[in-house]
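Reading through the structure tokens given below for one structure.
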Amino acid sequence: MPISYCISPDLDLLYARYFGPMRAAQFADIYQVYMDDPDYRLGRTELIDMSDATAMELNFEQVNTILMGVGRAIPKDTPPIRTVILAPSDVAFGLARMYQSLADYSGLLEVSVHRTEAGALSELGLSFPSVRVMLAEGGYNAFRHGRIDT
């Protein structure tokens, strides 16, 4: 699964875009990819954009395993990390809501899920008219491109 992400120190926000097929085994390394980035700061709010994900081959047990992997990457006693997920398709939205439910139960993340850019940006308290404008005007560093493969 290819990912691109960038960080805005100005907005104190990490933006990650997942695209292509999403599979459970690939998620185990995502937080490590972020944490290895010199600009990453644990606790920074994250906007996860699933708009370009083409397939999601995940079930409940796999989503729970993903969340446990995130838990292993986050040091104990870290306050819940705010995560806003943009999931416009029905499948992405359902998957994100499942993740949200498990995250709420775990206490690791504070997750909200939105079908629209406007909803996600509003949740973040941002007045940009679109994600594209946010990326252009929000003080983001260059996109980092990666690929999580298994």
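Going by the working numbering, the residue at position 25 of the sequence shown is 25; the numbering climbs one at a time, nothing skipped. Even for Gly, the Cβ is constructed at its ideal location relative to N, Cα and C. Keep in mind it's a predicted model, so treat the numbers as computed, not measured.
>> I believe T83 touches E117 by the beta-carbon criterion, under 8 Å. Please report the beta-carbon distance rounded to the nearest angstrom.
In response: Here the question's residue 83 lines up with position 83 in the sequence shown. Here the question's residue 117 lines up with position 117 in the sequence shown. Incorrect: roughly 16 Å between the Cβ atoms, too far for contact.
>> I'd like to confirm the pairing. Which residues does DSSP put opposite I66 in its beta bridges?
In response: In the sequence shown, counting from the first residue as 1, residue 66 sits at position 66. According to DSSP, which records beta bridges pairwise, I66 is partnered with nothing at all.
> Considering only C-alpha positions, which residue in the set F128, S122, A55, L14 is nearest to D37?
Replying inline: Along the sequence shown, read from residue 1 onward, the residue named residue 37 stands at position 37. Nearest option by C-alpha distance: L14.
> Touch check for the stretch 128-148 and the stretch 87-102: three-plus C-beta pairs under 8 Å?
Replying inline: Contact fails: fewer than three Cβ-Cβ distances are below 8 Å.
> Using a Cβ-Cβ cut-off of 7 Å (strictly less than) and excluding sequence neighbours within five positions of S106, which residues of its own chain qualify?
Replying inline: Here residue 106 corresponds to residue number 106 of the sequence shown, with the count starting at 1. Hits under 7 Å: L67, G71.
>> With the cut-off set at 8 Å, would you say M22 and F60 are in Cβ contact?
In response: Position 22 of the sequence shown holds residue 22. Position 60 of the sequence shown holds residue 60. One thing to note: M22 has its Cβ no nearer than 8 Å to the Cβ of F60.
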